[in-house]
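Below is one structure, written out as structure tokens; comments come after it.
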Amino acid sequence: MIEFFAMDYAYYVYISFLSFITVVIICTNNAFKHHKITLDRIKNTIHQMSDDNET
Amino acid sequence: MWIFLHKMASPKYFYRLASSMIPWLFISGLLLMVYGIINGLFYAPSDYQQGDAFRIIYVHVPAAYISMMAYSLMAFAAFIGLIWRIKIAHAVIVSAAPLGAWFTFLALLTGSLWGRPMWGTWWEWGDPRLTSELLMLFLYLGYMALRASIPSITKADKLSAILILIGAINIPIIHYSVEWWTSLHQGSTLLKSGGPSIAAPMLYPLLASIIGLSLFFGSLLLVRTKAEVLKREKHSRWIKDMILGDEV
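Just so you know, the protein sequences line up as chains A and B, in that order. At position 34 of the first sequence the residue is numbered 33 (numbering that gives the first Met the number 0), and the sequence of numbers has no breaks. At position 163 of the second sequence the residue is numbered 162 (numbering that gives the first Met the number 0), and the sequence of numbers has no breaks.
This is how it looks when you write it as structure tokens:
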């Protein structure tokens, strides 16, 4: 196993891996948030319409 | 096959199938990525020429692969959407574009971080692989800008699908650029005649990263496509039934 600080070009390697993890987190967060916001908006509209019909 | 594709064209069937597939793709993709990254970063042996800088391959190659795969998928969906006018195909394109743009940006960034210690430069305008990959990032951004500028969904679908198909010519250029022209960028490591030119302890984490990120990308694409289907089908009876029945 390579030691954490004993790696050649550690700066370039760790920045690359951190960028990868950051992009994965951003994409995951965006995808699930986007779905949740859309679903909540449609749910509210449909429940509102359903309540209006009942009254 | 045709029956399956015919079923997939139904937004309701697609939505339900996507909901059941997402957790499997997400978890298996994540596990493979974690395995690939930890092994690539700490356990794979150093390269005899590049030392530890070669470890950037474990994030650069999967990102570059996804950037090309996402665009190829968009081009395929654009073809299906234009010829057979299948709505799901356009929803897939809309959903793949931001993911593709992010991973293209990541491929360029990690490539630059790899280039600096190995080539002595962050960027080289004369290199065909670098410039064609940058062109792909502009194609993704151009696609999103074009869609955002057209208010009618049907018109936006059609015009942006044409743009995607025209831009698809860039895919073989990116792939073969290192063979067709003199390039700073190294040749293909995995997809070459005679098999991959990389030792097994280095190869397995790389394959795990590529397959893991592909599965993970698949799960995120399905989540985004589900949201796009909801937006496009919000007036449909099945959406109303599903929400009132709480089967989401």
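All C-beta atoms in this analysis are idealised placements derived from N, C-alpha and C, irrespective of residue type, glycine included.
Neighbour list for residue i in chain A, Cβ cutoff strictly below 8 angstroms
i	result
B:W121	Going along chain A, no residue has its Cβ under 8 angstroms from B:W121, so there is no contact; the nearest lies around 11 angstroms.
B:A62	F19, V22
B:D156	Chain A residues near B:D156: none, gap ~18 angstroms exceeds 8 angstroms.
B:P116	Y8, Y11
B:W101	V22, I25, C26
B:W23	The premise fails here: B:W23 is roughly 16 angstroms from chain A at the closest Cβ pair, so nothing lies under 8 angstroms.
Own chain residues within Cβ distance below 7 angstroms of residue i, not counting five before or after
i	result
B:T130	W124
B:A8	I85, I87
B:A62	F102, L105, A106, T109
B:I163	M73, A74, A77, I92, Y142
B:L4	none
B:M32	S208, G211, L212, F215
Backbone CA spacing between residue i and residue j [nearest angstrom]
i	j	result
B:M117	B:L243	58 angstroms
B:S187	B:Q48	17 angstroms
B:Y142	B:V177	26 angstroms
B:I149	A:D7	50 angstroms
B:R128	B:I82	32 angstroms
B:A90	B:D240	21 angstroms
B:Y34	B:A69	23 angstroms
B:A96	B:S71	11 angstroms
B:K233	B:V93	17 angstroms
B:T224	A:A5	44 angstroms
A:T54	B:I152	34 angstroms
B:L220	B:N169	22 angstroms
B:S45	B:Y175	28 angstroms
B:H184	A:N28	33 angstroms
B:L206	B:L98	21 angstroms
B:W180	B:G211	31 angstroms
B:M20	B:G119	44 angstroms
B:S27	A:R40	30 angstroms
A:F19	A:D50	46 angstroms
B:R54	A:K42	46 angstroms
A:I24	A:H34	16 angstroms
A:T44	B:A144	28 angstroms
B:W122	B:D156	35 angstroms
Residue span of the alpha helix (DSSP H) that contains residue i, given as start and end
i	result
B:G125	No alpha helix (DSSP H) holds B:G125; DSSP gives it neither H nor E.
B:H234	Counting along the chain, B:H234 falls outside any alpha helix (DSSP H), and DSSP gives it neither H nor E.
A:T21	9-53
B:M32	10-37
B:I2	1-7
Contact list for residue i against chain B, beta-carbon separation under 8 angstroms
i	result
A:I45	I238, K239, I242, L243
Amino acids of chain B, ordered along the chain, whose beta-carbon sits closer than 7 angstroms to that of residue i
i	result
A:T54	Those do not exist, as A:T54 stays about 16 angstroms from chain B at its closest Cβ, beyond 7 angstroms.
Contacts that residue i makes with chain B (C-beta to C-beta distance below 9 angstroms)
i	result
A:D51	Going along chain B, no residue has its Cβ under 9 angstroms from A:D51, so there is no contact; the nearest lies around 13 angstroms.
Chain-order list of residues whose beta-carbon lies under 6 angstroms from that of residue i (same chain, five-residue window excluded)
i	result
B:G166	L138
B:G80	A88, H89, A160
Residues of its chain near residue i, where Cβ-Cβ distance is below 8 angstroms and the 5 sequence neighbours each way are ignored
i	result
A:T37	none
B:L140	A100
A:V12	M6
B:L24	L214, F215, G217, S218, L221
B:A226	S94
Interface partners of residue i on chain A, CB under 9 angstroms
i	result
B:H59	S15, F19
B:I36	F16, F19, I20
Under 7 angstroms from the C-beta of residue i: neighbouring residues of chain A
i	result
B:A226	H33, H34, T37
B:I55	Y11, V12, S15
B:A52	D7, Y8, Y11, V12
B:V177	Within 7 angstroms Cβ-Cβ: nothing; B:V177 doesn't reach chain A, min ~20 angstroms.
Proximity test, Cβ basis, 8 angstroms: residue i and chain D
i	result
B:V91	This model lacks chain D altogether, as its protein chains are A and B.
Could you name each continuous alpha helix (DSSP H) segment of 4 residues or more that falls completely within the region 75-152 of chain B, going from the start of the chain to the end? 86-118, 127-148
Which full runs of the alpha helix (DSSP H) of 4+ residues lie inside the region 162-247 of chain B, going along the chain? 169-179, 199-231, 236-243
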